[in-house]
Ligand SMILES: Cc1cc2nc3c(=O)[nH]c(=O)nc-3n(C[C@H](O)[C@H](O)[C@H](O)COP(=O)(O)OP(=O)(O)OC[C@H]3O[C@@H](n4cnc5c(N)ncnc54)[C@H](O)[C@@H]3O)c2cc1C
Ligand SMILES: Cc1cc2nc3c(=O)[nH]c(=O)nc-3n(C[C@H](O)[C@H](O)[C@H](O)COP(=O)(O)OP(=O)(O)OC[C@H]3O[C@@H](n4cnc5c(N)ncnc54)[C@H](O)[C@@H]3O)c2cc1C
Ligand SMILES: Cc1cc2nc3c(=O)[nH]c(=O)nc-3n(C[C@H](O)[C@H](O)[C@H](O)COP(=O)(O)O)c2cc1C
Ligand SMILES: Cc1cc2nc3c(=O)[nH]c(=O)nc-3n(C[C@H](O)[C@H](O)[C@H](O)COP(=O)(O)O)c2cc1C
Ligand code: FES
Ligand code: FES
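Protein chains in written order, with this note's numbering: chain E, 13 to 265; chain P, 13 to 265; chain S, 24 to 324; chain B, 24 to 324.
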């Protein structure tokens, strides 16, 4: 993990209040797994960094891509940064999703809202290995949709929206495919969604990526800990450095 | 006095760490006298506004010109603002120099460092009325010189520098012209200089412009008060609203 | 959207007022907007005699805040009654006088004189950290706070709000003391004592050495103290400390304040109070509230 | 430029160390720079048994600062000795252990165990605002502070620095108490208790409701307290609170600190401590100093 000023090479709105930002720098060469994140200093005005998942990596361009949604003042301020400017980034952080599945296996990706981005880089890696990927992507409404074409180019996609404006109305758990063919699932999204997914997919092995408010983002401050199930080791894990990806049976949501 | 976002139409370095910034807006139409100032919000990062004198006004362009020197973090941050951007300004503040002298009279302007700017607009107003203006301008060193040509186009100019790199070595008080011809003097600069000028010119009527740390800049918080001489009214004045220009006999420096 | 709030002696059309010492006696702000729009106005501290205050510099900038050590400069209670209040009384907004002093007698004297019908409530400043005598002692010792509150109550028929100092170990016991002494309400918080040293001069920037810290930097402390006091004391609270946005107002109301005062933000934006009043309905609506009343203490349910 | 400083038990090659709780046990920062460059390292609090700490969220952002309520999560003193210290001891920098507890006995127990030769000094944390029992009571009552200091001193031959809480009316009397109890030095300041409420959820953001405020927001309070204590107490002070720049370090030294600790700034810039150490010579020079020693207490001359 390093700290560096990464150059913004692309920054655009791709859906309602949802932005793509592409950053050039050495961190792009250090990403080990999908599901890792970077810790973004928005400006001197914001005391804490913001964790944002790495949604894609381009080794050719030496860039990483982040997709973020405006959720508060910090992400709002981020939208004003322009291509050519630099951003103070620490990363890549965390361990991300393992990509151990074999050619011919089935993977199910379940993403909700701004939990969807890390699944894209994961989907690319899985399909590159010959794993067949099905995605269930949940959005609030039609105007919130992003990266649907990108996911579709990698496999079957099922969309849900809260208001039914596109795809199925309801939550991602209302649109899961038949589970018997799934070898592993991978999910990222709001905690309430993760809980439901964990319950519904109790019989499928999987990986859950979890969000928690962070201080340091590197494992030192213990802001982001999660209790682990009794069977698991020391009783807690740090989302930033032990995670953000965990086995569902490991952690208490 | 109003608060408005003024557009930066010109911003350039004119001497070492000394910048000219020209701002367009309604405040330019409200300036009553030379020696008034504006209260500048540098950015959200700086809690207090910075008082800066109005160095010139262009009624044609609808602009005011400020000349400022980098003295700390706030003025440093100001240098990064670019033409086209806007600045949050409150002004014009204070009462400034009276321009009551008559055609044919002599005025002496004594300015030190970043106290020189308000004297420029004053010199223009005085010469426009037919008053003859002599200026003594003190700088630290050659690289700090600014607006010498501008002052020279309005009258005789004597330069002093601390290191003697241009003009006379020493302080402004070392280079005062014969005083018998002077009807009024006007001075602005560091307090230590003002004290000396006040002493040296004890027999000449004059006006002193004073700097003090400010809170509100509009007369409400009493941060910027100065004790007045016993003979004078309520015992104190506010630099921001009763000043920044005072009669030397009025105030205790 | 109903912005009105009633607290003892004060029918406020909205909960926003300028804080004492940050608004002078209103005159300077009248050039920026109509003061009648304000929920109320808290005027600058009044002492028995006129005071010059501390030497300058009296202010310094800090991270998200400022220090001040004005030192209660004011024209004295008689001067205020004669020269300052006549300007303010025509506006359609209640005036709250900030009562200060170095001795119990001075508090009593000022309270008695200023209760002459020109103001609608008193705010007793037992928390000014910038004067050598009185002021902050009254605000850090529960017994002295009790005494001064009781004394002021005896001198006036106006509702008495006591302004608490945050420079204490136990804010709740301070609040309880003044409650027992008969206070009608609380004002929270005054400034925290701080210092800034200039590495160039190697001296404190403020001539008085220490000054009172205000601004957003202290908001978390104010919110915590109001939250604690609201749980233990029945008095209505006027909340203050670092308010700059309508969201900040909601936060104060949720913590337990019934109204709010805006202090140093007036120096950034002279129209901040009226701007916040105009933004408040939309902000309340955004968070699903239909009145100000409904928000008060919401973080405790 | 001479950056070295000697304070009881500690020969520091420079006055900069990471503050307790903001640096874990060093491992994570070792990937950013060589920890041997540090003046010293203050490790995370140790308690008698392992603690899980408070529920999450445990941090919230504030203006120029943050709130935290970690709640002394740590592997327990035995776990620290066994699993954490062995990583740190090879570095050429003194280690200061942060000793915490809920009872006098727990403090004593932790102090005794951790004085096993692996650390060079103890910092007694009587000021953690984020635990239900102990912690902050010891830090707000001069008699309890005396007791705990005395008790810890009895258990160890290491120099004992007592870390004071700023949440008190009278910091000087706290400092005097621990001086009388035999403390070798002071650490000032811990966090101020604060709260932030989310207008959307209408609840405090921190699950523990209150948290400790750190960052530049509190620097003026820390500087004021150190300035006050330096005048009245002879003990050397490790100063902390909002340090982000080399100028901040000068300000702390001028106020009276002999060394400084950098806390939450490590979260912004993981290399901040070493960056500051590298900037210090030039900054000292800029202000006309030729050593760190010369700056200490400079604002008092
Ligand atoms: C591992 C991880 C990966 C993430 N990846 C993405 C992503 O790819 N795209 C995206 O849009 N968002 C992502 N998030 C969420 C993102 O961090 C928050 O939306 C963002 O921090 C909100 O900042 P703000 O200033 O706009 O909101 P504010 O509410 O103003 O932020 C205030 C504080 O709360 C913290 N905070 C608020 N919400 C969250 C949250 N959900 N998680 C963690 N901290 C929060 C902020 O970091 C900040 O410290 C991720 C979070 C985590 C933990
Ligand atoms: C009426 C008046 C007119 C002025 N006109 C000019 C001008 O035309 N050009 C120019 O370059 N400077 C002028 N100054 C001085 C200018 O305000 C300061 O140089 C500037 O505020 C320094 O800000 P900073 O952030 O760079 O310094 P910092 O030292 O970082 O500022 C910290 C705080 O101290 C205040 N401060 C520091 N120095 C001064 C000072 N000398 N006077 C008042 N406040 C100060 C700042 O406003 C700020 O609140 C004037 C000051 C006054 C009072
Ligand atoms: C310059 C200044 C002067 C003040 N004078 C007074 C005063 O006279 N009486 C008083 O009770 N409080 C006084 N205060 C405190 C404010 O009323 C308020 O309690 C405090 O500043 C916190 O609010 P803020 O953060 O919005 O400024 C003063 C504050 C400032 C900044
Ligand atoms: C996340 C976090 C955890 C902390 N944990 C401890 C601790 O375990 N023991 C302690 O004495 N202080 C602890 N502190 C307080 C710091 O050591 C320091 O005193 C305080 O944060 C002020 O410094 P700063 O403003 O540089 O952060 C902690 C602070 C933070 C932000
Ligand atoms: S954010 Fe600091 S340990 Fe995870
Ligand atoms: S700066 Fe407020 S009265 Fe002058």
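For glycine and all other residues, C-beta sits at the position ideal for the given N, C-alpha and C.
Comparing alpha-carbon positions, the option among B:56, B:103, B:72 and B:33 lying closest to residue 62 of chain B turns out to be B:33. In this model, residue 119 of chain P and residue 87 of chain P are separated by some 31 Å (Cα to Cα). With 5 Å as the limit, the residues whose C-beta approaches any heavy atom of ligand 2 more closely are P:49, P:60, P:62, P:63, P:64, P:65, P:80, P:81, P:83, P:84, P:85, P:86, P:87, P:126, P:129, P:223, P:225, P:256 and S:84, in sequence along the chain.
Shortest Cα-Cα distance from residue 236 of chain P to any of P:246, P:247, P:171 and P:251 involves P:251. Counting every other CB atom within 10 Å of its CB across the protein chains shown gives residue 180 of chain B a total below 16, marking it as exposed. Within chain B, 51 and 293 have C-beta atoms less than 7 Å from the C-beta of residue 230 of chain E, given in sequence order. A direct Cα-Cα distance of roughly 23 Å separates residue 177 of chain B from residue 43 of chain B. Not a single CB atom of chain P sits nearer than 7 Å to the CB of residue 311 of chain S. By a beta-carbon distance limit of 8 Å, residue 147 of chain B does not contact residue 69 of chain B. Their separation comes to about 11 Å. Closer than 6 Å to some heavy atom of ligand 3: that does not describe the Cβ of residue 149 of chain S. Under the Cβ criterion of 7 Å, residue 235 of chain B is not counted among the residues facing chain S. Residue state for residue 229 of chain B is assigned as coil, using DSSP reduced to three classes.
Contact check between the stretch 195 to 209 of chain S and the stretch 253 to 269 of chain S: three or more CB pairs, one atom from each, fall below 8 Å, which counts as touching. Rounded to the nearest angstrom, the gap between the Cα atoms of residue 64 of chain E and residue 119 of chain B is 34 Å.
Restricting attention to E:195, E:150 and E:92, the CA atom closest to the CA of residue 175 of chain E is found in E:150. By the neighbour-count criterion, in which 16 or more other beta carbons inside 10 Å mark a residue as buried, residue 264 of chain E falls on the exposed side.
Chain E has no Cβ within less than 7 Å of the Cβ of residue 126 of chain B.
Taking C-alpha positions only, residue 67 of chain E is separated from residue 135 of chain B by approximately 50 Å.
Look at residue 235 of chain E: its beta carbon is less than 6 Å from one of the heavy atoms in ligand 5. For residue 195 of chain B, there are no C-beta contacts with chain S under 7 Å, since the nearest C-beta of that chain is about 12 Å from it. At a cut-off of 6 Å, the beta-carbon of residue 81 of chain B does not count as near ligand 5: no heavy atom of the ligand is closer than that.
Along the stretch 51 to 62 of chain P, going in chain order, the ones with a CB nearer than 8 Å to a CB of chain S are 53, 58, 59, 60 and 61.
A straight line joining the alpha-carbon of residue 94 of chain B with that of residue 71 of chain B spans about 14 Å.
Short note on residue 228 of chain P: C-beta closer than 6 Å to some heavy atom of ligand 6. Ranked by Cα distance from residue 232 of chain S, the first of B:249, B:40 and B:266 is B:249. Note on the stretch 69 to 130 of chain S: whole alpha helix (DSSP H) runs with a minimum of 4 residues are 99 to 102 and 108 to 111, in chain order.
Residue 236 of chain B is not a Cβ neighbour of residue 76 of chain B, given a cutoff of 7 Å.
Each of S:122, S:86 and S:308 was checked against the Cα of residue 101 of chain S, and the nearest Cα belongs to S:122. In terms of side-chain proximity, the C-beta atom of residue 268 of chain S is found no nearer than 6 Å to any non-hydrogen atom of ligand 3. Chain B has a Cβ within less than 7 Å of the Cβ of residue 227 of chain E.
Two segments are said to touch when three or more pairs of C-beta atoms, one from each, lie closer than 8 Å; by this definition the stretch 216 to 228 of chain E touches the stretch 246 to 262 of chain E. Residue 123 of chain E sits close to residue 200 of chain E, with the two beta carbons spaced by under 7 Å.
In this structure, the C-beta of residue 172 of chain S stays at least 6 Å away from each heavy atom of ligand 3.
Contacts with chain B (Cβ-Cβ distance below 7 Å) from the stretch 232 to 264 of chain S involve 233, 236, 239, 240, 242, 243, 244, 246, 247 and 250, listed in chain order. In the DSSP assignment, the residues bridged to residue 216 of chain B are B:235. Straight across, the Cα-Cα distance linking residue 104 of chain B with residue 142 of chain B is about 10 Å.
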